[in-house]
Amino acid sequence: MFPEILRRITIRIFCSSTYNNALTAYHIHTTNK
256 MFPEILRRIT IRIFCSSTYN NALTAYHIHT TNK
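Be aware that the sequence shown starts at 256, since it is given in the working numbering, and climbs by one per residue.
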């Protein structure tokens, strides 16, 4: 079981990385357009 703090940090890192990937994909999509 993850401690609560580690779980929150993991979720935050996962969300931020997912957001960055989406932002990069959107930027590439608009640039190629």
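Quick reminder that beta carbons are idealized off the backbone N, C-alpha and C, glycines included.
For F269, the enclosing alpha helix (DSSP H) starts and ends at 259-287. Cβ-Cβ distances below 8 Å link F257 to T265 in the same chain, with the five nearest sequence neighbours on each side left out; the list follows chain order. I268 has its alpha-carbon roughly 16 Å from the corresponding atom of T279.
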